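Q: Below is one structure. I have some questions about it.
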Amino acid sequence: MRRKLRIGLVSPYGWDSPGGVQVHIRDLSKFLISNGHEVSVLSPVDNEESIEEDFVVSAGKPVAIPYNGAVARVLFGPVAASRVRQWISLGEFDVLHIHEPAIPSLGLLACSIAEGPIVGTFHVAAPKFKIAFAIVPIVEPIVERLRARIAVSEIARETLMSHIETDAVVIPNGINWDSFQGAKPRMEWQLGKTIGFIGRFGEKRKGLSLLIDALPKIIESHPDIKVLVAGPGDPDEIMKDVDPTLHPRITFLGLLSEDEKRQFFKSIDLYIAPNTGGESFGIILAEAMATGVAILASDLSAFRNVLEDGKWGELFSTSDSVDLARRASALLADPLRRQSLASQSSEGAKRFDWPVVAEQIMDVYDLVSGNGEKVVLASGNRAWSKLIRGRGE
Amino acid sequence: MSELEWILFILAALLFLWYLTFTASRLDRLHHRVETSWASLDALLQRRAAIALEMAHIPSLDPASAVVLTRSAYLAREAEMAERSEAEESLTNAIALIAESEDFHMEFPEISERLEVVTQRIRIAIGIHREAVATTKTQRSRLIVRIFRLSGTAPLPVVYPFEELPL
Chain U
37 MRRKLRIGLV
47 SPYGWDSPGG
57 VQVHIRDLSK
67 FLISNGHEVS
77 VLSPVDNEES
87 IEEDFVVSAG
97 KPVAIPYNGA
107 VARVLFGPVA
117 ASRVRQWISL
127 GEFDVLHIHE
137 PAIPSLGLLA
147 CSIAEGPIVG
157 TFHVAAPKFK
167 IAFAIVPIVE
177 PIVERLRARI
187 AVSEIARETL
197 MSHIETDAVV
207 IPNGINWDSF
217 QGAKPRMEWQ
227 LGKTIGFIGR
237 FGEKRKGLSL
247 LIDALPKIIE
257 SHPDIKVLVA
267 GPGDPDEIMK
277 DVDPTLHPRI
287 TFLGLLSEDE
297 KRQFFKSIDL
307 YIAPNTGGES
317 FGIILAEAMA
327 TGVAILASDL
337 SAFRNVLEDG
347 KWGELFSTSD
357 SVDLARRASA
367 LLADPLRRQS
377 LASQSSEGAK
387 RFDWPVVAEQ
397 IMDVYDLVSG
407 NGEKVVLASG
417 NRAWSKLIRG
427 RGE
Chain A
5 MSELEWILFI
15 LAALLFLWYL
25 TFTASRLDRL
35 HHRVETSWAS
45 LDALLQRRAA
55 IALEMAHIPS
65 LDPASAVVLT
75 RSAYLAREAE
85 MAERSEAEES
95 LTNAIALIAE
105 SEDFHMEFPE
115 ISERLEVVTQ
125 RIRIAIGIHR
135 EAVATTKTQR
145 SRLIVRIFRL
155 SGTAPLPVVY
165 PFEELPL
């Protein structure tokens, strides 16, 4: 039996722009609500009318800044800060769960403004940046306020330890395992032998160009091979540098809905995740596993973890298009191996099912909020604010 | 000193004072974190001891196990801070002796499930407590904190030896 809690979640990125962190927060919120907790999510929002979830509160429009090899849609500044302040003081939360408290966005703001039972989740995996010496003294005293830290993967935990020297509990991202069962293939996506790719393919680190580099080699042994690319982005941008003879083999499907994504996994023969870096978790791999499809992924530490070192899918050496081509050709030539991978992998994804994952997150909530303390606005520098405002707390 | 120099001097002094109070509130917050994380851990350990006593009262349990469990559970519940770590450690060992056998899990699924849940939570609570202690210690070891005694009278937080052991 758990206490029913009022939980405030803070999303760092625009709610209506695609991204794993937002999906994680959305699904976690829905799960918490279905378990009887009260949830409010504060997030940057581009277009307020597009928001379907009634538990989302807009903190304003995000701005695009380059961060960790991608463009992040974040929000900060005095207006946002006053929104955060208002949301916290009206919310009377038992737990404040801040996502990405160290990224310059709402999370960092909320963390610097609030005090009490605060939990932070760190999603990012990134090498230590050169200007860390200048950033850490600002971020450290703020992140210090978190009562508990969660990292979504071993690599996110290592990132956290090397950046700001603080440890965290590892709790993976969640998926709705049940919803991936019993998906049916779609006729028009079964084009003989197909390789599938999902992701924001415009971003270099997602590795679509590596897959295209490997394609001629794969064609040598599988002349009928086709590639289906799903995800948001501009196909012309990618295709302008690609050998025109390859063009007919590559089809762009655009952004898929959740249902289409499942049909996609069921329709293709091999799912390839050729990412070259910057991946902290790889939720898409967990989803592919849950659906049941043969997987070939680069051996990034995040992917190795999800696939349990190759138990639930094969690995190739990251950024090596020759190795990618070799292993993809071998898998495509071996239908039995693919079938056995596809039929087993679903089992391996059960540990990412929301009931399993959320249970661990709720354990952390219980631990930090055990004494019934509420989240309040921080008194900042206590002695100083007393002096200036001439009143106590 | 000229007027400008005086103004700059006063500004610098004010800034320094501000920094001192900033660091003091930071430490205050950290001490609070250590206390609350220990309180959560303590509550969970008490719960574990209660479960251990329940286990000891299982009629079909052999008397030797029952004695060991009861003894270590009582010790863990009543130990003074100085003996607490040792008491928790021996309770951990006593529980492991009994609960790790396949039979126990098969025969008493309900109690072994509850034990598993509480143990998992203790693991997380230990992680949180250790982190709070480590951060607080790092901050307290800074020169400015020691010179100006910014941590006041708060005792230096410690990680107990039993927290280092696997559960």
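Chains U and A supply the protein sequences, listed in that same order.
Take 37 as the starting number for the first sequence in the working numbering and just add one per residue.
Take 5 as the starting number for the second sequence in the working numbering and just add one per residue.
Ideal Cβ positions, reconstructed from N, Cα and C, are used throughout, including at glycine.
Quantities reported herein were computed from a predicted structural model and do not represent experimental measurements.
Would a check of beta-carbon distances place Leu196(U) closer than 7 Å to chain A?
A: In the first sequence, counting from the first residue as 1, residue 196(U) sits at position 160. Not an interface residue.
Q: Compute the Euclidean distance between the alpha carbons of Glu88(U) and Phe300(U), then round it to the nearest angstrom.
A: For this step, residue 88(U) is matched to residue 52 along the first sequence. For this step, residue 300(U) is matched to residue 264 along the first sequence. Near 25 Å, if we compare the C-alpha coordinates of Phe300(U) and Glu88(U).
Q: From the DSSP output, which residues share a beta bridge with Ile178(U)?
A: For the purposes of this step, residue 178(U) is taken as the residue at position 142 of the first sequence. None, per the DSSP bridge assignment.
Q: Pull out every residue of the region 145-159 of chain A whose Cβ sits closer than 8 Å to any Cβ of chain U, in chain order.
A: Of all residues in the region 145-159 of chain A, none has a Cβ within less than 8 Å of some Cβ in chain U.
Q: What are the residues of the region 171-191 of chain U that lie near chain A, defined by any Cβ-Cβ distance shorter than 8 Å?
A: Of all residues in the region 171-191 of chain U, Pro177, Glu180, Arg181, Arg183, Ala184 and Arg185 have a Cβ within less than 8 Å of some Cβ in chain A.
Q: Could you check where the beta strand (DSSP E) with Glu350(U) kicks off and where it finishes?
A: Working through the first sequence from its first residue, we reach residue 350(U) at position 314. Taken as a continuous stretch (DSSP letters only), the beta strand (DSSP E) holding Glu350(U) covers Glu350 to Phe352.
Q: For the beta strand (DSSP E) that contains Phe67(U), what are its first and last residues?
A: Within the first sequence, the letter at position 31 stands for residue 67(U). Run containing Phe67(U): none in the beta strand (DSSP E); it sits in the alpha helix (DSSP H), Gly56 to Ser70.
Q: Would a C-beta distance cut-off of 7 Å place Leu360(U) and Ile124(U) closer than the cut-off?
A: The residue given as residue 360(U) occupies position 324 in the first sequence. The residue given as residue 124(U) occupies position 88 in the first sequence. Going by C-beta atoms, Leu360(U) is not nearer than 7 Å to Ile124(U).
Q: Count the other C-beta atoms from every protein chain shown that fall within 10 angstroms of the C-beta of Val155(U), then say buried if there are 16 or more, exposed otherwise.
A: What you label residue 155(U) is simply residue 119 of the first sequence in a count that begins at 1. So Val155(U) counts as buried.
Q: Below 8 Å, how does it come out for the region 59-78 of chain U and the region 100-114 of chain U: are there three or more Cβ pairs, yes or no?
A: Touching, no.
Q: In chain C, which residues lie less than 8 Å from Val205(U) when you measure between Cβ atoms?
A: Looking at the structure shown, chain C is missing, and the protein chains on hand are U and A.
Q: What did DSSP end up calling Phe288(U) once you bin it into helix, strand or coil?
A: Taking the first sequence and counting its residues from 1, the one referred to as residue 288(U) is at position 252. Strand.
Q: If you measure beta-carbon to beta-carbon, which residues of the region 382-411 of chain U are closer than 8 Å to chain A?
A: Within the region 382-411 of chain U, the qualifying residues are Gln396, Asp399, Val400, Asp402, Leu403, Val404, Gly406, Asn407 and Glu409.
Q: Hey, how far is the Cα of Ser29(A) from the Cα of Leu45(A)?
A: Counted from its first residue, the second sequence places residue 29(A) at position 25. Counted from its first residue, the second sequence places residue 45(A) at position 41. Taking the straight line from one Cα to the other gives about 24 Å.
Q: Does any residue of chain A bring its CB to less than 7 Å from the CB of Glu429(U)?
A: Within the first sequence, numbered from 1, the residue matching residue 429(U) stands at position 393. Here the model assigns Glu429(U) a pLDDT of 37, short of 50, so the residue's position is not dependable, and the following value carries that caveat. False, the Cβ-Cβ gap to chain A never drops below 7 Å.
Q: Do Gly218(U) and the ligand NAD come close, with the Cβ less than 6 Å from some heavy atom?
A: Of the ligands one can find in the structure shown there are none, so the ligand NAD has no counterpart to examine.
Q: Would you say Arg125(A) faces chain U, with C-beta separation under 7 Å as the test?
A: Counting from one through the second sequence, the residue named residue 125(A) turns up at place 121. Chain U, which has a Cβ nearer than 7 Å to the Cβ of Arg125(A), makes this yes.
Q: For Trp348(U), which residues from the same chain have a beta carbon less than 6 Å from its beta carbon, with the 5 sequence-adjacent residues on both sides left out?
A: Along the first sequence, one-based indexing puts residue 348(U) at 312. Once the five neighbours on either side are set aside, the close Cβ partners of Trp348(U) are Met325, Ser381 and Gly384.
Q: Verify the CB distance criterion: does Glu135(A) have a CB-CB separation below 7 Å to chain U?
A: In the second sequence, counting from the first residue as 1, residue 135(A) sits at position 131. Taking Cβ atoms only, chain U reaches closer than 7 Å to Glu135(A), which makes this a yes.
Q: Label Gly428(U) either buried or exposed according to how many other C-beta atoms from any shown protein chain fall within 10 Å of its C-beta, with 16 as the threshold for buried.
A: The count along the first sequence starts at 1 and reaches residue 428(U) at position 392. No answer about Gly428(U) holds up, because its pLDDT of 40 lies below 50 and its placement is not dependable.
Q: What does the Cβ neighbour count give for Tyr164(A), buried or exposed, with the cut at 16 atoms within 10 Å?
A: Along the second sequence, one-based indexing puts residue 164(A) at 160. With 16 or more Cβ atoms within 10 Å of its Cβ, Tyr164(A) is classed as buried.
Q: Compile a chain-ordered list of the residues in the region 26-41 of chain A whose CB is closer than 8 Å to at least one CB of chain U.
A: Per Cβ criterion, the list reads Phe26, Ala28, Ser29, Arg30, Asp32, Arg33, Leu34, Arg37, Thr40 and Ser41.
Q: Need the endpoints of the beta strand (DSSP E) that Tyr307(U) sits in, please.
A: Here residue 307(U) is taken as the residue at index 271 of the first sequence, counted from 1. It spans Leu306 to Ala309 - the beta strand (DSSP E) in which Tyr307(U) sits, taken as one unbroken run.
Q: Starting from the Cα of Val206(U), find the closest Cα among Gln124(A), Leu147(A) and Ser145(A) and give me that residue.
A: As a first step, residue 206(U) is located in the first sequence; it is residue number 170 there, counting from the start. Checked all of Gln124(A), Leu147(A) and Ser145(A); the closest Cα to Val206(U) is Gln124(A).
Q: Mind checking whether Gly44(U) and Phe169(U) have CB atoms under 7 Å apart?
A: Residue numbering aside, residue 44(U) sits at position 8 when the first sequence is read from its first letter. Residue numbering aside, residue 169(U) sits at position 133 when the first sequence is read from its first letter. No, they are not a contact pair.
Q: Pull up the distance between the alpha-carbon of Leu292(U) and that of Leu79(A), whole angstroms please.
A: The count along the first sequence starts at 1 and reaches residue 292(U) at position 256. The count along the second sequence starts at 1 and reaches residue 79(A) at position 75. C-alpha separation (whole angstroms): 59 Å.
Q: For a contact meaning CB atoms closer than 7 Å, what does Ala53(A) contact in chain U?
A: As a first step, residue 53(A) is located in the second sequence; it is residue number 49 there, counting from the start. The premise fails here: Ala53(A) is roughly 17 Å from chain U at the closest Cβ pair, so nothing lies under 7 Å.
Q: According to DSSP, is Val149(A) part of a helix, a strand, or is it coil?
A: By one-based count along the second sequence, residue 149(A) stands at place 145. The answer is helix: DSSP assigns Val149(A) an H, G or I state.
Q: Between which two residues does the beta strand (DSSP E) holding Pro102(U) run?
A: To locate residue 102(U), count along the first sequence from 1; it is residue 66. Per DSSP, Pro102(U) belongs to the beta strand (DSSP E) from Val99 to Tyr103.
Q: Alpha carbons only, please: which of Val92(U), Pro54(U) and Pro137(U) is nearest the one belonging to Glu176(U)?
A: In the first sequence, the residue the question calls residue 176(U) occupies position 140. That would be Pro137(U), whose Cα lies nearest to the Cα of Glu176(U).
Q: Could you check where the alpha helix (DSSP H) with His109(A) kicks off and where it finishes?
A: In the second sequence, the residue the question calls residue 109(A) occupies position 105. Element bounds for His109(A): Glu106 to Glu111.
Q: In chain order, what residues of the same chain lie with their CB nearer than 7 Å to the CB of Ser316(U), ignoring the 5 residues before and after it?
A: Within the first sequence, numbered from 1, the residue matching residue 316(U) stands at position 280. Counting only Cβ-Cβ distances below 7 Å, and skipping sequence neighbours, we find His159, Val160, Ala161, Val188, Ser189, Ile191, Ala192 and Ala338.
Q: Quick one: what does DSSP say His35(A) is sitting in, helix, strand or coil?
A: Taking the first residue of the second sequence as position 1, residue 35(A) is located at position 31. The answer is helix: DSSP assigns His35(A) an H, G or I state.
Q: Can you check the region 217-257 of chain U for any alpha helix (DSSP H) of at least 4 residues that lies completely inside it and give the ranges in chain order?
A: With a minimum length of 4 residues, the continuous alpha helix (DSSP H) runs that stay inside the region 217-257 of chain U are 244-257.
Q: Among Lys141(A), Arg127(A) and Glu92(A), whose alpha-carbon lies nearest the alpha-carbon of Val400(U)?
A: For the purposes of this step, residue 400(U) is identified with residue 364 of the first sequence, where counting begins at 1. The candidate whose alpha carbon is nearest that of Val400(U) is Arg127(A).
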